[in-house]
Amino acid sequence: METWDAITSRRNVRSYTTDPIPESELSRILEAGRRTPSAMNRQPWDFIVTTNPQQLTELAKCWQGARHVASSAATITLVTPITDNPRDAGMNAYDLGQASITMMIAAADTGIGSAHAAVQDQQLARSVLGFPEDRYAAYFIALGYPADRPLAPIKQLTRRPFEDVVHHGRW
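Here our numbering is used: the first residue of the sequence shown is 9, the next is one more, and so on.
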């Protein structure tokens with residue numbers, strides 16, 4: 009798929025087939041995240057990839073908006089350091105957002121659907137995934153082949169019109 013096609017095809021997919029994702033595709037998606045630029049090249053992330061159905065079921069309980077994680081073929085958890093410094097927290101959130109969309113576009117490039125979710129229950133996430141106490145699970149990226157329809161460029165986009173969003177020079 010061309011880059012533009014991957015961008016215009018990516019949508020939140022929360023219903024998946026039972027097909028597993030090949031390890032080579034998972035590695036490619038994770039490598040896309042690892043290569044993502046970050047503020048001052050800090051790379052404030054670790055990625056935990058989960059494919060075990062029992063773990064996925066437990067992770068889906070970490071937030072009401074994460075139910076789709078249970079039926080995913082794989083879920084990537086983005087883990088970052090806990091900090092009291094608002095500047096660092098802001099940079100970490102921005103950098104994790106960049107890593108998320110990079111991985112989601114890389115997934116779309118191969119026809120793999122994705123959907124993100126926040127992580128509310130940190131104790132449950134930590135007990136399932138075993139990450140250190142000085143870190144927290146910021147987001148999940150659930151992955152799987154779409155159950156409803158394959159990824160394809162979206163023709164009828166439900167977004168605000170371009171001219172309402174883009175301002176040149178000033179508002």
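Glycine residues also receive a C-beta, built at the ideal position from the N, C-alpha and C atoms.
(request) Inspect the CB distances between the region 100 to 117 and the region 35 to 45 and report whether three or more fall short of 8 Å. (result) yes
(message) Cutting at 6 Å between CB atoms, please list the residues of its own chain near Phe-139, excluding the five before and the five after it.
(response) On the sequence shown, position 131 is the one that residue 139 refers to. Here the set comprises Val-87.
(message) Please identify the residue among Ser-122, Pro-45, Gly-105, Ala-107 whose C-alpha is closest to the C-alpha of Ala-82.
(response) Residue mapping note: residue 82 aligns to position 74 of the sequence shown, counting from 1. Of Ser-122, Pro-45, Gly-105, Ala-107, the residue nearest in Cα terms is Ser-122.
(request) Spatial neighbours of Asp-142 within its chain, please: CB distance less than 8 Å, with the 5 preceding and 5 following residues excluded, ordered by chain position. (result) Sequence index remark: in the sequence shown, residue 142 carries index 134 (1-based). Only Pro-89, Ile-90 meet the Cβ criterion.
(message) Buried or exposed, going by whether 16 or more other CB atoms sit within 10 Å of the CB of His-175?
(response) For this step, residue 175 is matched to residue 167 along the sequence shown. Of the residues assessed, His-175 falls on the exposed side of the cut-off, its CB having fewer than 16 other CB atoms within 10 angstroms.
(message) Could you tell me the alpha carbon to alpha carbon distance between Arg-75 and Asp-172, rounded to whole angstroms?
(response) One-based indexing of the sequence shown puts residue 75 at position 67. One-based indexing of the sequence shown puts residue 172 at position 164. When rounded, the distance between both Cα atoms is 33 Å.
(message) Let's see if you can read the secondary structure: which residues bound the alpha helix (DSSP H) around Leu-67?
(response) Residue numbering aside, residue 67 sits at position 59 when the sequence shown is read from its first letter. Segment 61 to 67, the alpha helix (DSSP H) holding Leu-67.
(message) Using C-beta distances below 8 Å, list every residue in its chain close to Tyr-147, excluding the 5 sequence neighbours before and after it, in chain order.
(response) Within the sequence shown, the letter at position 139 stands for residue 147. Cβ neighbours of Tyr-147 beyond the five flanking positions: Thr-85, Leu-86, Leu-104, Ser-108, His-124, Ala-125, Ala-126, Val-127.
(message) Which residue marks the beginning of the alpha helix (DSSP H) containing Ser-35, and which one marks its end?
(response) Along the sequence shown, one-based indexing puts residue 35 at 27. Counting along the chain, the alpha helix (DSSP H) containing Ser-35 begins and ends at 31 to 42.
(message) Tell me which residue opens and which closes the beta strand (DSSP E) that Tyr-144 is part of.
(response) By 1-based counting over the sequence shown, the position of residue 144 is 136. From DSSP, the beta strand (DSSP E) with Tyr-144 extends over 143 to 152.
(request) Taking only beta-carbon positions, decide if Arg-22 is within less than 9 Å of chain D. (result) Going by chain labels, chain D is absent from the structure shown, which holds only one protein chain.
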